[in-house]
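Below: one structure, written as structure tokens.
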Amino acid sequence: ALRRAHPVLRRRRFFAGRKIRGEGVQDIAWFDPSGVEMTDAGWASEHVRCIGVKLSGDAISETNERGERIIDDTLLILFNAHDATVPFTLPGADEPAEWTAILDTARVSREHRRLASGDQYLLESRSLALLRLRR
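End of the sequence shown = 144 in our numbering, gap-free, step of one.
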């Protein structure tokens, strides 16, 4: 149901990771638990067990069957393969935004928790969380 509801999860083309003309937005960005975009050194580290990926719904370069630009929510997927809980700082602290947790494999609750950019999300060991950005 999530995949059907969010075009950003079912793109026809691979992500480019490129900046979109003048908007300062990327179609995909990877983050470490401090909320900072991953660096080459971060990717090369042997101890990386927790990462986040932001899929920008406003950076989809595809059109629908009527030729209209496809726009979706921006989603953040957090992955924790570590055996301990990791406090993950939510990216985007430089702009006012609210993240809503819509799925967490470590929690049974259907409660949609809301957090601001820069807040920490406690990501349980060996779990995945999906958050939606609300500006």
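We treat Cβ as the ideally placed atom computed from N, Cα and C, and that holds for glycine. Bear in mind the structure is a predicted one, so any value in this text is a computation, not a measurement.
Per DSSP, the bridge partner or partners of P96: Taking the sequence shown and counting its residues from 1, one reaches residue 96 at position 87. L131, per the DSSP bridge assignment.
Could you pull the DSSP bridge partners for R122 from this structure? As a working note, residue 122 is residue 113 in the sequence shown. For R122, DSSP assigns no beta-bridge partner whatsoever.
The beta strand (DSSP E) with A138 in it runs from where to where? Looking up residue 138 in the sequence shown gives position 129. 136-143 is the extent of the beta strand (DSSP E) around A138.
What does a CB cutoff of less than 6 Å around V95 pick up in its chain, not counting 5 residues either side in sequence? To locate residue 95, count along the sequence shown from 1; it is residue 86. Excluding positions up to five away in sequence, the list reads P42, C59, N89, L132.
Roughly how many whole angstroms lie between the Cα atoms of H15 and T48? Sequence index remark: in the sequence shown, residue 15 carries index 6 (1-based). Sequence index remark: in the sequence shown, residue 48 carries index 39 (1-based). Going from the Cα of H15 to the Cα of T48 covers about 28 Å.
If you check the beta carbons only, do A110 and A93 fall under 8 Å apart? Taking the first residue of the sequence shown as 1, we reach residue 110 at position 101. Taking the first residue of the sequence shown as 1, we reach residue 93 at position 84. Judged by their CB atoms, A110 and A93 are not nearer to each other than the 8 Å cut-off.
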